[in-house]
Amino acid sequence: MWPRSQRRRGYAGLESAAELRPLGLKPVNGVETCKSPGNVKPRRRRTIDDNEGWGARLAHTHVLFLTTLSPPLDFTMPMLLEGSCHCRAIKYTVESNTPVPYQLCQCSICRKTGGYTGSVNIMGNNPTLKVIRGKDKMKEYTPAMAFDKNDHPTRKTTSIRTFCGDCSAMLWNWHPEWPDWIYPLASSIDSDLPTFPKGVDGIAIKRDSCPAYVPIPAGFKSYEGYGPGAGIETK
19 MWPRSQRRRG YAGLESAAEL RPLGLKPVNG VETCKSPGNV KPRRRRTIDD NEGWGARLAH
79 THVLFLTTLS PPLDFTMPML LEGSCHCRAI KYTVESNTPV PYQLCQCSIC RKTGGYTGSV
139 NIMGNNPTLK VIRGKDKMKE YTPAMAFDKN DHPTRKTTSI RTFCGDCSAM LWNWHPEWPD
199 WIYPLASSID SDLPTFPKGV DGIAIKRDSC PAYVPIPAGF KSYEGYGPGA GIETK
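The sequence shown runs 19 to 253 under our numbering.
This is the structure in structure tokens:
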């Protein structure tokens with residue numbers, strides 16, 4: 019159940035994150051491993067109610083944000099999103115219960131791969147991901163977390179970023195520890211995404227790895243680390 023402080027009347031009566039649980043969940047410590055997004059084969063259902071540390075906190079950071087709005091936004095029915103790369107060689111669809119593009123990550127990875135100020139990801143239900151075309155154009159990158167003096171990676175994250183091999187546009191981020199969720203970049207979404215209600219602030223995270231000259235968008239709250247949730251590239 020949601021903690022009492024996070025329950026909000028009007029959020030379609032939801033008090034359990036299990037009610038937002040996508041189908042086809044997969045255990046973290048199972049024998050089977052999911053090798054690619056959109057191909058999850060469950061052994062048992064794993065829910066946010068298991069409360070298993072950072073993964074649980076991360077997966078519903080977006081949901082918790084929505085429940086704090088006044089009035090709360092009702093995304094209990096998933097929204098079908100259409101996305102593509104810049105050259106349109108790759109097109110995909112994915113369903114999302116939390117499509118508000120509210121969180122800007124300004125870590126070094128997001129700034130190097132996504133642009134000057136960083137990148138905004140939204141949360142999608144991985145079992146609903148469908149690549150309409152361009153699978154042969156898809157490339158994957160596992161970011162380095164640290165380098166030696168010769169610029170050789172000494173530590174890598176286990177998250178995987180998918181991008182177009184032709185135009186280099188980033189498409190989504192995914193982590194095998196939480197295979198039931200996928201994080202499309204808002205910049206790759208062609209559908210109209212929900213806008214912020216009046217008076218609601220966005221969030222800028224990972225300012226501790228961001229040069230001072232990189233701005234914080236007007237009206238955004240900023241956090242030195244990951245703020246109210248966890249990050250999927252912390253290990």
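For glycine and all other residues, C-beta sits at the position ideal for the given N, C-alpha and C.
Per the coordinates, the alpha-carbon of residue 221 lies some 12 Å from the alpha-carbon of residue 139. For residue 131, the three-state secondary structure derived from DSSP is helix. Shown here for residue 111: same chain residues with a beta carbon closer than 8 Å to its own, the five before and five after excluded, namely 98, 99, 100, 101, 146, 147, 148, 150 in chain order. For residue 100, the enclosing beta strand (DSSP E) begins and ends at 97-102. Annotation: the continuous beta strand (DSSP E) that includes residue 121 extends over 121-123. When the alpha-carbon of residue 229 is set against those of 106, 103, 108, 130, the nearest one is in 130. Distance check between residue 117 and each of 95, 216, 169, 184 places 95 closest, using alpha-carbon atoms only. Excluding five sequence positions before and after residue 223, the CB atoms of its chain that fall closer than 6 Å to its own CB belong to 123, 241, 244, 245, given in chain order. Scanning the region 140-200 from its first residue to its last, the whole beta strand (DSSP E) runs of 3-plus residues come out as 148-151, 156-159, 162-165, 171-174, 178-182, 188-192.
Per DSSP, the continuous beta strand (DSSP E) segment holding residue 112 begins and ends at 109-114. Of all alpha-carbon atoms in 135, 190, 172, 169, the one lying nearest the alpha-carbon of residue 156 is that of 190. Residue 223 is bridged by DSSP to 123. Distance check between residue 232 and each of 182, 180, 134 places 134 closest, using alpha-carbon atoms only. Under the three-state reduction of DSSP, residue 209 is assigned to coil, being neither helix nor strand. Take residue 227, set aside five residues on each side of it, and the residues of its chain with a beta-carbon closer than 7 Å to its own are 125, 126, in chain order. Residue environment for residue 210: exposed (fewer than 16 other C-beta atoms within 10 angstroms of its C-beta).
Under DSSP, the beta-bridge partners assigned to residue 138 are 122. Inter-residue distance for residue 159 and residue 236 is about 31 Å (C-alpha atoms, whole angstroms). Closest in alpha carbon position to residue 198, among 144, 115, 174, 103, is 144. Listed in chain order, the non-local C-beta contacts of residue 225 below 7 Å within the same chain comprise 124, 240, 241, 242, local neighbours out to five positions each way being set aside. About 6 Å separates the CB atoms of residue 172 and residue 165; that is less than 8 Å, so the two are in contact. About 5 Å separates the Cβ atoms of residue 105 and residue 184, confirming a contact at the 8 Å cut-off. Excluding its 5 nearest sequence neighbours in each direction, residue 208 has C-beta neighbours in its own chain below 7 Å: 100, 101, 102, listed in chain order.
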